[in-house]
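Only one structure is covered here, and it is reproduced in the block below.
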Amino acid sequence: MLNFGVTQLSALLAARKISSTELTREFLERSKSLNPDYNAFITIDEETSLAQARAADAMIAAGQAHPLTGIPIAQKDIFCTKGWLTTCGSRMLSNFISPYDAHVIERFNAAGAVNIGKTNMDEFAMGSSNETSFYGPVKNPWDSTAVPGGSSGGSACAVAARMAPAATGTDTGGSIRQPAALCGISGIKPTYGLVSRYGMIAFASSLDQGGPMAKSAEDLALMLNVMTGFDARDSTSLQREPEDYTRNLEKPLEGLRVGLPKEYFVKEINADVARAVDAAIAEYSKLGAKTVEVSLPSTKLSVPVYYVLAPAEASSNLSRFDGVRYGYRAPEYVDLNDMYRKSRAQGFGAEVKRRILIGTYVLSHGYYDAYYIQAQKLRRLIAQDFIEAFKQCDIIMGPTSPTVAFNLGEKSSDPVQMYLSDAYTIAVNLAGLPAMSIPAGFGNQNRPVGLHIIGNYFAEAQMLNVAHQYQRATDWHIRMPIPL
């Protein structure tokens, strides 16, 4: 059962061939066994998880089951979860027990899903390797000397190592897709506004978006059916008619126009990644798709634009963590200002401090117009490039990451090189588009390679169809790193 995906487990639960209690207990045992080695979870609460499983079994017995009823889901520790420690991977929130549920958690609870635990992450979602967590780095289950990617590295590791059949993540500049690629699983970032940010601890509010991570596109579709939906408590939540994201999964790909941006296939991409991506695109040609060259000329601006706008928003969002209302407070101080200063100095890690300083700088008097306003103008150009490209194609494809997973510690002393890990993913967040990564083979040292699929606004169902058809023709997504 541990190697089954959400879709298969849902069918077994509905047929009463297994119980949620049995299933949850199996995943809990595997998580407790492997977590000391991989550090994927910050919190596991066996008693609470099993209570939810028993409630799910009662729902199934009463004929009130949803496709996700009884399915264990690992929740990224950025989602406020009532009664659970919710840390955001930071010392600043290391003692915070959430008094309420995020909208995403509410949706899973209503569907009868089981929270299997809270997953490790880069501190306040700031990082590309899961090495900035106060709780220590997560290790990649394909190679424990490698990073799993970030910031949703704990979620990616948990799914890849079969500690959970699926997990939630958040994506500000690639933090679902990049770890999905590096750990050999599937993950999707929906169109900005489809998933409510209520109760999702903010990093950069105009970029953050929650999404699912699982073995397959079919599983992602089932999870997206639950996670999306209007929420009046989030001013950026989109009010749209509900969709069934499984509806197009079996549609043939004949005539699909796949755009290949010339800016994506350049010398910066490692040869092993390029080979795997080229092979995946060739497979799509066999499935009936046609490739067209497109251009995204502003792509090279994405990283500098992101590292002006995201830190600016982080500087504002993280100002609330001051040691007064909740979270970490310095044990010794002489006055209020000293308490603020020491609580923030001791509570935040180095990467968070770096981004707060950058953000405060670009928002300061004399630099706001020169940096922040100019970055916003360039953001519009980046979005316009995608609008023009989608006039020529239906889907855009390329590598998710320019390299396979790098070694732990390899880039931690060079922030710029770390930031370039997200070179292919950041533009999507700046434009607010949906995108996903699916397994597409292996590169150097047998480390996974991800194929990046970008869709037009609200094209999630089409993207999931494109991914599902590829996964029917290949088996990369069912490979696993650790024997059961």
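Numbering (full-length UniProt numbering), first residue to last: 1 to 484.
Built from N, CA and C at the ideal position, the CB exists for glycine as well.
query = For Lys391, which of helix, strand or coil comes out of DSSP?
reply = coil
request  = Starting from Lys189, trace the beta strand (DSSP E) both ways and give me its first and last residue.
outcome  = 186-189
query = How long is the line joining the alpha carbons of Arg177 and Val294, rounded to whole angstroms?
reply = Between the alpha carbons of Arg177 and Val294 lies a gap of roughly 22 Å.
key: Cβ pair Leu2, Leu484 closer than 9 Å   = yes
query = Nearest CA to the CA of Ala158: which residue from Val308, Glu29, Ala280?
reply = Glu29
Inter-residue spacing [alpha-carbon to alpha-carbon] between Thr228 and Phe203 = Between the alpha carbons of Thr228 and Phe203 lies a distance of about 20 Å.
request  = Could you name the residues of the same chain whose beta carbon sits closer than 7 Å to that of Tyr264, not counting the 5 residues immediately before and after it, in chain order?
outcome  = Gly398, Pro399, Tyr424
key: Residues sharing a beta bridge with Asp143, DSSP   = Asn140
query = Ala214 to Val334, Cα distance in whole Å?
reply = 49 Å
message = Distance check for Thr7 and Ser186, CA to CA, integer angstroms please.
response = 14 Å
ask   = Just curious, the beta strand (DSSP E) that Asn115 is in, first and last residue?
value = 114-119
query = When the cut-off is 9 Å and only beta carbons count, does Ser295 lie next to chain B?
reply = Absence of chain B from the displayed structure is noted, only one protein chain being present.
key: Cα-Cα separation, Arg275 to Gly441   = 9 Å
message = Could you compute how far the alpha carbon of Tyr457 sits from the alpha carbon of Val428?
response = So the two alpha carbons sit approximately 11 Å from each other.
inquiry  = So the candidates are Ser343, Pro72, Ala375, Ser298; which of them puts its Cα closest to the Cα of Gln52?
reply    = The option with the nearest alpha carbon to Gln52 is Pro72.
Boundaries (first-last residue) of the alpha helix (DSSP H) holding Asp278 = 271-286
query = So which of Ala280, Arg447, Ala110 has the shortest CA-CA distance to Asn225?
reply = Ala110
ask   = Is the CB-CB distance between Ile281 and Thr170 below 9 Å?
value = no
key: Pairwise C-alpha distance: Val195 and Ile453   = Cα to Cα, Ile453 sits roughly 19 Å from Val195.
key: Glu313 classed as buried or exposed, judged by whether at least 16 other C-beta atoms fall within 10 angstroms   = buried
inquiry  = Determine whether the beta carbon atoms of Leu249 and Ala289 lie at a separation below 9 Å.
reply    = Cβ distance not < 9 Å, so Leu249 and Ala289 don't count as in contact.
inquiry  = Could you tell me the alpha carbon to alpha carbon distance between Asn317 and Asp208, rounded to whole angstroms?
reply    = 12 Å
query = CB Gly450 to CB Gly184, shorter than 9 Å?
reply = Yes, the pair counts as a contact, with Cβ atoms nearer than the cut-off.
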